[in-house]
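Sequences listed follow chains F and C, in order.
So the number in my numbering is just where the residue sits in the first sequence, counting from 1, plus 231.
So the number in my numbering is just where the residue sits in the second sequence, counting from 1, plus 30.
Glycine included, C-beta positions come from ideal geometry on N, C-alpha and C.
Note that this is a predicted model, so its numbers are computed, not measured.
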Amino acid sequence: MVTITNGKPPVLVIVQLTGGNDFMNTIIPYTSGLYHDVRPVVGVSEDRVLPINDELAFHPCAAPLKEMFDAGDVAIIQGIGYEKSNRSHFRAMDIMHTAEPNSIATEGWLAQALREIDPDTKNVLTGISFGRGLPRAMAAPGVSVTSVGDLDSYGLLTGVEIEEHRARELDIFKRMYTPAIGSGPVMSYLHQTGGDVMTGADLLKKVPANYRSTVEYADNPIAKSLRDVARVHTSGLGTRIFYTQHAGYDHHAIEVPNHERLLTELSGALKDFMADLREHDAAEEVMIYVFTEFGRRIADNGSGTDHGSGGGAFIIGERVVGGLYSEYPSLDPADWANGEDLAHTIDFRSIYATLLEQWMSIDSTEIVRGKYEQINPFAA
Amino acid sequence: MTTVAHPTETDIDLLGHLYRRAGFGATREQLESYTERSYEDTVEALLNPDPNRDIRDDVLERYIHGEGPPIFIAGWLYRMINSEAQLQEKMTLFWHHVFATGLVKNEHVLSAKNQIRMFRRNGMGDMTTILNDLSRDPAMLFWLDNNENRNGEPNENYGRELLELFSLGVGNYSEQDIKDASRAFTGWTFEQPPPLYPHGFYPAKFVFREDDHDDGEKTFLGVTGNLNGGDIIDIIVKSPASARFICRHLYNFFVADEPQVPSWNDVPPLDPEGIAMMEAKFIETGGDIRSVLRVMFNSDFFKAARYKKVKSPTEFIVGVLKMVGSQTEMAPGMTKYAGAIDVMGQKLLDPPTVEGWHTGGEWIDGGNLTERVNFAVDEIGEGLAPGIQSLIQRMKDSEALGSAESLVNAVLAESGSGEVSDQTREALIDFANDAEGEDEATRVIRLLRLAVATPEYQFA
C-alpha cells in the first residue's frame, strides 16, 4: 500500500486505447533482426527509434512518453494478456472490462471497485467517464457513474429560459425519477440515472469557471478528455476513478501514418496532463493506467497488422517506480502463441490486483476472481 | 380524448406501437386517420411501399447540397420523418446497426452513402442477396480490409466479422472456418475511384480479381471444395445458426431489448417461442426478410411488447421532430440534427465498432439522458412549430383542458407514451394543477416539455 504524503485519497485515471494497440510498434524490439524481417511494411527502422536499452525502444512519435519514462514516471507492463487470448475486439474488450475471460460477465472491474469505495453512492461523482457511452468496466447494477459528454454544458432542462419555470420543472423531474419499487430493472436504472444527473450537474456546474491553467492541450479527443479530468480533479469533487478513451487503434491497414498520429496525440496528452496536475499541486495522488484489448499479430500483412495477443500497458504517475515490468514476449518463433502471436508473460488481472490493492487499497480477490501475483510498481 | 368506437376500427394505441417500431412514430393526428384500415393491411402496406411514391435522392439533393456526412444524415433523417415508406427506412437503419461500417476509417462519403442506399434498396429482400451485395460493397470491403485479402496473404478481418457479427454469431464456427472463409473471399475488392481533387466524388466499384483469388480447396462448416465467397454465403444462409442470429437481431431491434450480441451464444432468447416462429419462416423461405417481418409484426408477442424497448437516439430524435412538425420541408438547417444524434451516443455512418451500437439500457447513461431530455425540451421550445400549434388547437377543440387529469392524459397520448407509472402521472397532474393560472397554450407547452422528459418517454 502506498501512502500519499499530501494525505489525499488515491485517484485512478484510465486511458483505454480502443481497437488493439500495436504494442510491438509502441515498445519496439529494435535490435531484433526478426522484428525487421516480419514487419517489412510497418516496422520502424533502427535509426528512428528512441532506445530504452540495447533491445527495446519507444516509437519515435511517443517522445513525450519517453521523456516521462526517463524522469521515472512510467512503468511499462510488457506482454500483458491471458490464456487463449480472444481475437474479437468486443469479446476481448469485454474480458478486459469484466476481468472474466471464461464466461460472459456483466459487472465491470472498476464499477466493483467503485462499489467498495462508495457503497451507498454518497457522491455521484466518485466515478466519472468522459466521452460517449459508459464503458462496461464502469457499469454494474447499483453503481452510479457520471458520464459526461461535454463538461462545459452539463445540466438538465437548460433550454427552459424562465428560471422560475425551470426550477419548478426540475422539481417535477426529480419526482418522476424517484426510485420506485417494482418498476423493473431498466426503469429502475433510468430512475437512478435521472436522479444522479440532477445531483452531478449541480456539482459540475462550477468546474469550468474555477479552472485556470497555463498548460495548453492539443486539439484532439484524448487531450480534451484528459483536460476534462484535470479540470474536475483539481476542483476537489472527490472523484476517485476517471475513465477516458482514445479510439482508432485497429490498424489492419495503412498502419504507419495512423498509428503515428495516435501515438503523438496520446503521449502529448499524457505529458500535458501530468504538467497540468503538477501546476495545481494535484499530481501525487493520481495514477494513470493505459491499456488496450489485445496486441497485434507479429508479422505485418503488407499494410497493417491483424488481431493478436501479448499486448502492453503503462502505469504512469509521480509515485511510480519507472522501468520495465514483466518480460517482453519471446520473439523466438517456437514460443509464439498460435504460431503467429506474442505469448503473454503476465496476466492482466495481476495488474488489476496491483492497482486495486496497492494503489486504491481495495481487496481485489472478488473483482479478479482469485489471487494473482502482483508487481511492485509504486514507491512506498 | 374520446372517440366513438367504430366496429372495425383498429385500436389506435396498437397502431401507435406498430408505427413506433415499424417506423419512427406517428403523430396522434396521423394515427387517428389510419384507424379505418385493418392492422394486417397496415403491416402489409409497410412491407410493400410504393417505389413511385418514395422520396428521391436527386430531389433531396436539390434542397440540401454538399458531400459532408451531416448533409447526407440530414437527408436520411428527412426520410425517416417524412417518408411514407417507414418500414423501409427502419430496415435501412437496422442493417446499418448489424453491418456497422465506420466512416472514421473509410473517409469516403459517397461509398458510405451508397451502402445506406443499398440497405434501403434490398433491406427487405432475401438474405443471400443482402450478403452478396454486402460482400461487394466497397465501403464494407475497405472497412474490414478485404481489399487487402490476397491469395497467399489472407486478411481475416472480413471473414471473421461476416461470421461473428453479420450472420452466424460466436460459437457457430471454428477458427479454421474463419481462415477458409477468408480465403474464399480473396480477390473480392474494388477499383479505387479517381482522386477527389480535381475529379470530385466518384463511386468505388466492386471488382473480382481472379488472379488474386485463392483457388485451393477449402472447408467451411463441413463443406469442402474450391469455395468462392458466394458459396460461403450460400452455406451461411442455409445454416440454422444464421436463421437464429438474424431473427434475434430483428427481435432485438423491433420487438424487445435482448442482451448484447456477444452474449447470444450463452444467453438464450428472451422469448424462445417467438424467435422459433421467426426462424421457421426464415428457414422455410430460404431467408426472405419480408416474410419474417410479416410473421413478426402480426404476432401476439409483438403486439404485447409495448414500451419494451429503449429508444435509440435516432428513434428518439426523429420521434420528437415528427411530433413537433418542424421538419416537413427539406432545409440545410437539418444538418444540426446529425450532431444531436451523435452526442446522444449514436453517430450515424460511424458506429463505435464493427459490432455496432449496444442497445437497450446501454443507450442510456447520465450524459445521454441529459442530452435527450434537453433536446426534446429545446425542440418544443415555446411551442411555435406547426406540430405543437396544431396539438394545442386539438386540445382546445376537445375536452382535454377540462381537468388536470384529462390534460395530462391527452398530452401523454400525443407524445406517444400513454402508459406511465402512477408516480409520473401524479407528478404531472400536480404540475397541471399548479399551472392552472397560466394561459392554455403555455400550460400545454410546459406539460408537453415534461412529458418528453418522463422516464417513460425513453421507451418505444
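Consider the Cβ of residue i: report whether some Cβ of chain C lies at a distance smaller than 8 Å.
i: F522 (chain F); result: no
i: V246 (chain F); result: no
i: I412 (chain F); result: no
i: G570 (chain F); result: no
i: M255 (chain F); result: no
i: N532 (chain F); result: yes
i: S334 (chain F); result: yes
i: T536 (chain F); result: no
i: M418 (chain F); result: yes
i: I453 (chain F); result: no
i: H396 (chain F); result: yes
i: A484 (chain F); result: yes
i: F404 (chain F); result: yes
Could you tell me whether the Cβ of residue i comes closer than 8 Å to any Cβ of chain F?
i: I319 (chain C); result: no
i: T484 (chain C); result: yes
i: P298 (chain C); result: no
i: F461 (chain C); result: yes
i: H36 (chain C); result: The pLDDT assigned to H36 (chain C) is 46, lower than 50, so where the model puts this residue is not dependable, and the model offers no usable value.
i: A273 (chain C); result: no
i: A457 (chain C); result: yes
i: R479 (chain C); result: yes
i: V322 (chain C); result: no
i: T383 (chain C); result: yes
i: S451 (chain C); result: yes
i: E183 (chain C); result: yes
i: Q488 (chain C); result: yes
i: G9 (chain C); result: There is simply no residue 9 (chain C) to check, as chain C begins at 31 and stops at 490 in what is shown.
Starting from residue i, trace the alpha helix (DSSP H) both ways and give me its first and last residue.
i: E298 (chain F); result: 294–301
i: L442 (chain C); result: 434–445
i: E395 (chain F); result: 394–407
i: A440 (chain F); result: 438–441
i: A544 (chain F); result: It is not in any alpha helix (DSSP H) - A544 (chain F) instead sits in the beta strand (DSSP E) that spans 542–547.
i: A478 (chain F); result: That residue, A478 (chain F), is in no alpha helix (DSSP H); its beta strand (DSSP E) goes 472–478.
i: V521 (chain F); result: Here V521 (chain F) belongs to no alpha helix (DSSP H); instead the beta strand (DSSP E) covers 517–523.
i: S378 (chain F); result: S378 (chain F) -> not in any alpha helix (DSSP H); beta strand (DSSP E) instead, spanning 377–379.
i: V244 (chain F); result: Note, V244 (chain F): premise wrong, no alpha helix (DSSP H); beta strand (DSSP E) at 242–249.
i: G264 (chain F); result: 264–269
i: G426 (chain F); result: 416–435
i: G467 (chain F); result: First-last for G467 (chain F): undefined, no H or E at that position.
i: Y556 (chain F); result: Element bounds for Y556 (chain F): not the alpha helix (DSSP H) but the beta strand (DSSP E), 554–556.
i: K366 (chain C); result: 366–373
i: P485 (chain C); result: Where P485 (chain C) is concerned, there is no enclosing alpha helix (DSSP H), given that its DSSP letter is neither H nor E.
i: V446 (chain F); result: First-last for V446 (chain F): undefined, no H or E at that position.
So, under 8 Å CB-CB, residue i and residue j are touching, yes? Tell me the CB distance rounded to an integer number of Å.
i: Y448 (chain F); j: A500 (chain F); result: 7 Å
i: S595 (chain F); j: L573 (chain F); result: Contact doesn't hold; Cβ gap of about 26 Å is too wide.
i: K311 (chain C); j: V322 (chain C); result: 5 Å
i: L171 (chain C); j: W218 (chain C); result: 7 Å
i: G310 (chain F); j: P560 (chain F); result: 4 Å
i: G413 (chain C); j: A370 (chain C); result: With a Cβ gap of about 19 Å, G413 (chain C) and A370 (chain C) do not count as contacting.
i: L161 (chain C); j: V267 (chain C); result: 7 Å
i: E97 (chain C); j: V128 (chain C); result: Their Cβ separation, rounded to whole angstroms, is 26 Å, which puts E97 (chain C) and V128 (chain C) out of contact at 8 Å.
i: A323 (chain F); j: E524 (chain F); result: 4 Å
Taking 7 Å as the cut-off, does the CB of residue i come closer than this to any heavy atom belonging to the ligand PLP?
i: M154 (chain C); result: As for the ligand PLP, it is missing from this structure, which has no ligand bound.
I need the boundaries of the beta strand (DSSP E) containing residue i, first residue and last residue.
i: F220 (chain C); result: 218–221
Below 8 Å, how does it come out for the stretch 244–262 of chain F and the stretch 518–526 of chain F: are there three or more Cβ pairs, yes or no?
Touching, yes.
Three-pair Cβ contact test at 8 Å for the stretch 345–365 of chain C versus the stretch 39–59 of chain C
At 8 Å Cβ cutoff, the stretches touch.
In chain order, which beta strand (DSSP E) runs of at least 3 residues are fully inside the stretch 291–363 of chain F?
305–312, 358–361
Contained alpha helix (DSSP H) runs [length at least 4] in the stretch 237–273 of chain C, N- to C-terminal order:
Fully enclosed alpha helix (DSSP H) runs of 4 or longer: 259–268.
Would the stretch 282–296 of chain C and the stretch 385–401 of chain C be scored as touching if the rule is three or more Cβ pairs under 8 Å?
As far as the Cβ criterion goes, the stretch 282–296 of chain C touches the stretch 385–401 of chain C, which means the pair count is three or higher.
List in chain order: all unbroken alpha helix (DSSP H) runs of 4+ residues lying wholly within the stretch 282–356 of chain C.
302–314, 319–328, 330–333, 343–354
For the stretch 188–205 of chain C against the stretch 258–275 of chain C, do three or more pairs of beta-carbon atoms, one drawn from each stretch, fall closer than 8 Å, so that the two count as touching?
Because the criterion of three Cβ pairs below 8 Å is met, the stretch 188–205 of chain C and the stretch 258–275 of chain C touch.
Complete runs of the alpha helix (DSSP H) confined to the stretch 34–74 of chain C [at least 4 residues]
42–52, 58–64
For the 8 Å Cβ check, are there 3 or more pairs between the stretch 155–175 of chain C and the stretch 111–118 of chain C?
Judged by Cβ distances under 8 Å, the stretch 155–175 of chain C makes no contact with the stretch 111–118 of chain C, as fewer than three pairs qualify.
Which residue spans inside the stretch 161–196 of chain C form an unbroken alpha helix (DSSP H) run of at least 4?
168–173, 187–194
Using 8 Å as the threshold, is the stretch 139–146 of chain C in touch with the stretch 73–82 of chain C, meaning 3 or more CB pairs across them?
no
Does the stretch 393–400 of chain F come close enough to the stretch 421–437 of chain C to have 3 or more Cβ pairs within less than 8 Å?
no
Across the stretch 267–281 of chain F and the stretch 290–303 of chain F, are there enough close Cβ pairs to call them in contact, namely three or more that are closer than 8 Å?
yes
Inter-stretch contact at 8 Å, needing at least 3 Cβ pairs: the stretch 587–605 of chain F / the stretch 327–337 of chain F:
yes
Say whether the stretch 362–371 of chain F touches the stretch 446–453 of chain C, bearing in mind that this needs 3 or more beta-carbon pairs closer than 8 Å, one atom from each stretch.
The stretch 446–453 of chain C and the stretch 362–371 of chain F do not touch, with fewer than three beta-carbon pairs separated by less than 8 Å.
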